[in-house]
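What follows is one structure encoded as structure tokens, with my remarks underneath.
Numbering (my numbering), first residue to last: 406 to 654.
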């Protein structure tokens, strides 16, 4: 999801979702110019953090960090939502994680197969993590990875150095459950949405749902040539039922 829940309530097809109030001028080119991250992680609740990306297209200044890079800390493992757009961006996120916990990152879940979600898969595999995606997202990513590399180099220039296309090393079709140690992460495919293989992560012990691209905030829903809007509408109630009364990232 593009944005962090916590502000006013927005009614969407019968579900109430908390969303922040954001001024139009609260959108600088880079909120953390000393970091590869567009902005630093903010704590959502106990053990859950999110670095909220720019509500902008990919730019050199925002380092292609225009999605949410979230992480959940358990007693035994950290789960990261989205590998990130580049090796250096993932490394910057990892440094922020290590400032907050000594628990190792064991799982990285890519919300889909888009560049800003999955291009840094190789960084996390180098750290020994399982990088997880839906089978459709993994297939889409593998088909477009070479083009992503060129796009990243064109926009990010020297910030793209070190980034190579690497396939996700674990896939699934419906859902998987990950034990982080005292915290459960349910990785769920609710159905077709914005992009092939869009998935969400539910953290029941923290009453948190990391929506991925199932839900959007502050910006209009992005509709691409492959987006099945009718199917997305059918998928939405499945997500809304689970997300009800939870904090949505």
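Virtual Cβ for every residue (Gly too), placed ideally from N, Cα, C.
Below 8 angstroms, how does it come out for the stretch 525–537 and the stretch 565–574: are there three or more Cβ pairs, yes or no? yes
Contacts around residue 636, its chain only, beta-carbon distance under 6 angstroms, and the 5 residues preceding and following it disregarded: Numbered from its first residue, the chain shown carries residue 636 at position 231. The residues are 597.
Quick one: grab the DSSP three-state call for residue 692. No answer is possible for residue 692: it lies beyond the span of the chain, which begins at 406 and ends at 654.
Inter-residue spacing [alpha-carbon to alpha-carbon] between residue 497 and residue 560: For this step, residue 497 is matched to residue 92 along the chain shown. For this step, residue 560 is matched to residue 155 along the chain shown. In a straight line, the C-alpha of residue 497 is about 18 angstroms away from that of residue 560.
Could you name the residues of the same chain whose beta carbon sits closer than 7 angstroms to that of residue 545, not counting the 5 residues immediately before and after it, in chain order? The sequence position of residue 545 within the chain shown is 140, counting from 1. Once the five neighbours on either side are set aside, the close Cβ partners of residue 545 are 518, 601 and 602.
Spatial neighbours of residue 567 in its chain, beta-carbon cut-off 7 angstroms, leaving aside the 5 residues before and after: Here residue 567 refers to the residue found at position 162 of the chain shown. Same-chain partners within the cutoff: 492 and 493.
Could you tell me which residues DSSP pairs with residue 577 in its beta bridges? Sequence index remark: in the chain shown, residue 577 carries index 172 (1-based). Partner(s): 539.
Taking Cβ to Cβ, would you say residue 445 is nearer than 9 angstroms to residue 458? Sequence index remark: in the chain shown, residue 445 carries index 40 (1-based). Sequence index remark: in the chain shown, residue 458 carries index 53 (1-based). The answer is no: Cβ separation not under 9 angstroms.
Please report how far the alpha carbon of residue 543 lies from the alpha carbon of residue 604, in whole angstroms. Here residue 543 corresponds to residue number 138 of the chain shown, with the count starting at 1. Here residue 604 corresponds to residue number 199 of the chain shown, with the count starting at 1. Going from the Cα of residue 543 to the Cα of residue 604 covers about 12 angstroms.
Is the stretch 454–474 close to the stretch 633–651, with three or more CB pairs under 8 angstroms? no
With 16 other Cβ atoms within 10 Å as the buried cut-off, status of residue 428: Reading the chain shown from its first residue, position 23 is the one you call residue 428. Note on residue 428: pLDDT 44, under 50, position unreliable in the model; no value is reported.
So residue 508 and residue 484 are in contact, right, with Cβ under 8 angstroms, and what is the actual spacing, rounded? The residue given as residue 508 occupies position 103 in the chain shown. The residue given as residue 484 occupies position 79 in the chain shown. Not quite, the Cβ-Cβ distance comes to about 10 angstroms (not below 8 angstroms), so this is no contact.
Helix or strand or just coil, what does DSSP make of residue 546? Taking the chain shown and counting its residues from 1, the one referred to as residue 546 is at position 141. If DSSP states are grouped into helix, strand and coil, residue 546 belongs with the helices.
Contact under 9 angstroms by Cβ, residue 512 with residue 616: Working through the chain shown from its first residue, we reach residue 512 at position 107. Working through the chain shown from its first residue, we reach residue 616 at position 211. No, the Cβ-Cβ distance between residue 512 and residue 616 is not below 9 angstroms.
Report yes if the CB atom of residue 450 is closer than 9 angstroms to the CB atom of residue 652, and no otherwise. Here residue 450 is taken as the residue at index 45 of the chain shown, counted from 1. Here residue 652 is taken as the residue at index 247 of the chain shown, counted from 1. Yes, they are a contact pair.
Return helix, strand or coil for residue 460, following the three-state DSSP convention. Here residue 460 is taken as the residue at index 55 of the chain shown, counted from 1. In the structure shown, residue 460 sits in coil (DSSP, three-state: anything other than H, G, I, E or B).
How would you label residue 426, buried or exposed, when you count the other beta carbons within 10 angstroms and need 16 or more for buried? Taking the chain shown and counting its residues from 1, one reaches residue 426 at position 21. Caution is warranted here: a pLDDT of 37 is assigned to residue 426, below 50, making its placement in the model unreliable, and the coordinate value is therefore given only provisionally. Label assigned to residue 426: exposed.
Throw me the rounded Cβ distance for the residue 482 and residue 585 pair, which I believe falls under 8 angstroms. Reading the chain shown from its first residue, position 77 is the one you call residue 482. Reading the chain shown from its first residue, position 180 is the one you call residue 585. So it is a contact: roughly 5 angstroms between Cβ atoms.
Which ranges does the alpha helix (DSSP H) cover as unbroken runs of at least 4 residues, wholly within the stretch 452–520, from first to last along the chain? Whole alpha helix (DSSP H) segments, 4+ residues: 492–505.
Residues in the same chain with beta-carbon distance under 6 angstroms from residue 441, minus the five sequence neighbours each way, listed in chain order, please. Locating residue 441 in the chain shown gives position 36, where the first residue counts as 1. 468, 493, 494 and 497.
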